[in-house]
Amino acid sequence: MRLFDVMSPPEVLTEIQRATAESGFGMASEPLTGTLLRTLAASKPAGRFLEIGTGTGIGTAWLLDGMDAASTLVTIDNAAAPSAIAQRFLGHDSRVRFLVQDAEVWLKQQGGDQFDLIFADSFPGKFYALDEALHMLKVGGLYVIDDLLPQSNWPEGHQTNVDRLITTLSNRDSLRLTKLAWASGIILATKITQ
Ligand SMILES: C[S@@+](CC[C@H](N)C(=O)[O-])C[C@H]1O[C@@H](n2cnc3c(N)ncnc32)[C@H](O)[C@@H]1O
């Protein structure tokens, strides 16, 4: 066993990956991100989880695999087609609620809802509506983002957005963060004050 070997992925993952490839969806999380999400999810018994950017449900499957029976997950995507793949394979799990709507609008509409872990895997909650997302994180809660190392599918100029985001997060007194050269490049942050 080597450091980057992926251990016992969720059983449903192979089917989701096949459907993802058939659909042409090219933004799926990689397995090393998934293992980290699963481990973090397992640290929050009876946790409340939020994923921004369901995609085809790959991160969703890993999160569910780490969550206990009392935990719940809300996952949101504004694109119906990838979300339908996620719902086809994971919709039977009563712990997860799928929302198909714009996450920026949704984040701005939320009141006092609080989460133990937010995986912000979309522009909203990351490059914009960041304050709204962090506001929804409990003190002691975890904020996770990936795709921070250069990716072949980045739009022109995206490195500037990423650099600005890393600086913004690094300067927040309310967060304790670690930058990980793991998978596609991850920031893992704990909120220490409201
Ligand atoms: C990187 S992919 C998510 C991958 C997924 N979390 C996984 O683990 O495979 C980003 C997703 O964000 C969605 N998205 C983009 N803009 C959005 C918005 N304004 N509101 C909600 N979802 C959005 C895209 O449709 C896409 O499915």
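For the sequence shown, numbering that gives the first Met the number 0 begins at 0 and goes up steadily by one.
Don't be surprised by glycine CBs; every beta carbon is placed ideally from N, CA and C.
Residue state for Lys107 is assigned as helix, using DSSP reduced to three classes.
By the Cβ criterion, the segment 59-72 is not in contact with the segment 173-190, since fewer than three pairs of Cβ atoms, one from each stretch, lie closer than 8 Å.
Here Ser42 is exposed. Its C-beta has fewer than 16 other C-beta atoms within 10 Å. Cα atoms of Gly46 and His157: separation of roughly 33 Å, rounded to the nearest angstrom. According to the DSSP assignment, Glu21 belongs to the alpha helix (DSSP H) that extends over Leu12 to Ser22. About 4 Å separates the beta carbon of Thr74 from that of Thr53, a gap short enough to meet the 8 Å contact definition. Short of 6 Å from the beta carbon of Gly90, and not among the five residues preceding or following it, lies no beta carbon of its own chain. Residue side-chain check: Pro81 places its Cβ nearer than 7 Å to a non-hydrogen atom of ligand 1. In the structure shown, Asp162 adopts helical secondary structure according to DSSP, grouped into three states. Taking each of Gln108, Asp162 and Thr192 in turn and checking the Cα distance to Gly184, the smallest one comes out for Asp162.
Within 10 angstroms of the beta-carbon of Ile51 lie 16 or more other beta-carbons, which makes it buried. Measuring C-alpha to C-alpha distances from Tyr127 to each of Val104, Asp115, Gln109 and Pro149 identifies Val104 as the nearest. Taking the C-beta atoms as reference points, Ile191 is found nearer than 8 Å to Val138.
Judged by DSSP in its simplified three-state form, Glu131 adopts helix.
If you look at Leu187, you'll find it in the beta strand (DSSP E) that goes Ile185 to Lys190.
Counting along the chain, the unbroken alpha helix (DSSP H) around Leu89 starts and ends at Ala79 to Leu89. Its Cα nearest to that of Asp67, the residue Val95 stands out among Val95, Ser22, Phe88 and Thr55. For Thr19 against Ala27, the beta-carbon gap comes to about 5 Å, under 8 Å, which counts as contact. Boundaries of the alpha helix (DSSP H) harbouring Asp64: Ile57 to Gly65, taken from the DSSP string.
DSSP places Pro123 within a strand segment (E or B) once states are collapsed to three.
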